[in-house]
Amino acid sequence: MKQVVGMVVSNKMQKSVVVAVDRLFHHKVYNRYVKRTSKFMAHDENNLCNIGDRVRLNPSRPLSKHKCWVVAEILKKARIYVPPTSTP
Numbered sequence: 001m002k003q004v005v006g007m008v009v010s011n012k013m014q015k016s017v018v019v020a021v022d023r024l025f026h027h028k029v030y031n032r033y034v035k036r037t038s039k040f041m042a043h044d045e046n047n048l049c050n051i052g053d054r055v056r057l058n059p060s061r062p063l064s065k066h067k068c069w070v071v072a073e074i075l076k077k078a079r080i081y082v083p084p085t086s087t088p
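Take the sequence shown: its position 43, counting from 1, is numbered 43 in UniProt numbering, and each next residue is one higher.
Shown next as structure tokens:
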């Protein structure tokens with residue numbers, strides 16, 4: 001298998017993230033490019049990934065029923081919004 005690059009869409013689990021990977025392909029009948037999204041569960045050992053991070057995944061042996069990818073590196077961190085605190 002090869003490395004894939006995607007966006008973290010969920011990090012609610014311990015040491016696991018869900019990564020959405022987009023791909024474009026040319027539709028032969030409609031003669032247009034179509035975007036498809038696949039979601040992969042990946043192992044994040046140190047819980048460093050946040051929602052919106054762009055990450056690179058490496059394939060690995062099956063770590064659980066659905067998890068067979070490992071986060072290799074975080075390519076771009078997401079900007080985290082911190083709401084302003086109002087002082088009376």
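Even glycine gets a Cβ: it sits at the ideal position worked out from N, Cα and C.
Residue range of the unbroken beta strand (DSSP E) whose run includes residue i
i          : result
residue 58 : 54-59
residue 42 : 32-43
residue 7  : 4-10
residue 75 : 67-76
CB contact flag (residue i, residue j, <9 Å)
i          : j          : result
residue 80 : residue 48 : no
residue 44 : residue 16 : yes
residue 24 : residue 9  : no
residue 19 : residue 39 : yes
Residue i in three-state terms, based on DSSP
i          : result
residue 19 : strand
residue 51 : coil
residue 63 : coil
Same chain only: Cβ atoms within 6 Å of residue i, ignoring 5 sequence neighbours per side
i          : result
residue 76 : 54
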